[in-house]
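Going by my numbering, the first residue of the sequence shown is number 264, and it counts up by one from there. Ideal Cβ positions, reconstructed from N, Cα and C, are used throughout, including at glycine. On a predicted model such as this, the values are computed, not experimentally measured, just so you know.
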Amino acid sequence: MTEPTSTGVDARLASVLCYAGWWVTGLVFLFAERQHRGVRFHAAQSLLVFGVLSAVMFAAGGASALAFLVAGPSFRLLQAGGNLVWLGAVTLWLVLLLTTWRGETWRLPIVADLADKIAG
């Protein structure tokens, strides 16, 4: 994956950059890259995975704040759940960055098929 892309960036670097800024850079590369299917796949997968994870973390934070106002013990439980989601998301982010840099493509279950359709 060292061929240039329509954005002028090396394909491997562009694929890594799709994950670098979570769903934001995925969205940028999905619209900026017109030709390279591999880069578009990584952009779509990043957008889907980290978009959903960001929404889950946002919802967990809101639920945790609401639970803090209503009942103390459930606040701790929701906070712990949110922390676990965050830890899993950061771990997945690092794995995707490193494996993509090495030239490998991780196809995440469920998401990869949808990313293929989006990539075209």
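Check: Since residue 356 and residue 362 are thought to touch, with beta carbons under 8 Å apart, how far apart are those beta carbons, to the nearest angstrom?
Finding: What you label residue 356 is simply residue 93 of the sequence shown in a count that begins at 1. What you label residue 362 is simply residue 99 of the sequence shown in a count that begins at 1. Going by Cβ atoms, the distance from residue 356 to residue 362 rounds to 11 Å, so no, they are not a contact pair.
Margin query: Give me the residue from 286, 297, 287 and 285 with the minimum Cα distance to residue 272.
Written below: Within the sequence shown, residue 272 is the residue found at index 9, counting from 1. With distances taken between Cα atoms, residue 272 lies closest to 297.
Checklist line | Contact belief for residue 350 with residue 282 at Cβ below 8 Å, rounded distance in angstroms | finding: Position 87 of the sequence shown holds residue 350. Position 19 of the sequence shown holds residue 282. Not quite, the Cβ-Cβ distance comes to about 17 Å (not below 8 Å), so this is no contact.
Checklist line | Cα-Cα separation between residue 366 and residue 320, rounded to whole angstroms | finding: What you label residue 366 is simply residue 103 of the sequence shown in a count that begins at 1. What you label residue 320 is simply residue 57 of the sequence shown in a count that begins at 1. Rounded to the nearest whole angstrom, the C-alpha separation of residue 366 and residue 320 is 29 Å.
Note to self: Quick check on the burial criterion: 16 or more other C-beta atoms within 10 angstroms. Buried or exposed for residue 378?
What the structure shows: As a first step, residue 378 must be located in the sequence shown, where it is residue number 115. With 16 or more other Cβ atoms within 10 Å, it is buried.
Next item on the list: Identify, in the order they occur along the chain, each residue of the same chain with its Cβ nearer than 6 Å to the Cβ of residue 326, setting aside the five sequence neighbours on each side.
Entry: Position 63 of the sequence shown, counted from the first residue, corresponds to residue 326. So the qualifying residues of the chain are 341.
Check: From what residue to what residue does the alpha helix (DSSP H) around residue 270 run?
Finding: In the sequence shown, residue 270 corresponds to position 7, counting from 1. Unbroken run through residue 270: none, as it is neither H nor E.
Next item on the list: Could you spell out the range, first to last residue, of the alpha helix (DSSP H) harbouring residue 300?
Entry: Locating residue 300 in the sequence shown gives position 37, counting from the first residue. Following the DSSP letters along the chain, one finds residue 300 inside the alpha helix (DSSP H) bounded by residues 300–333.
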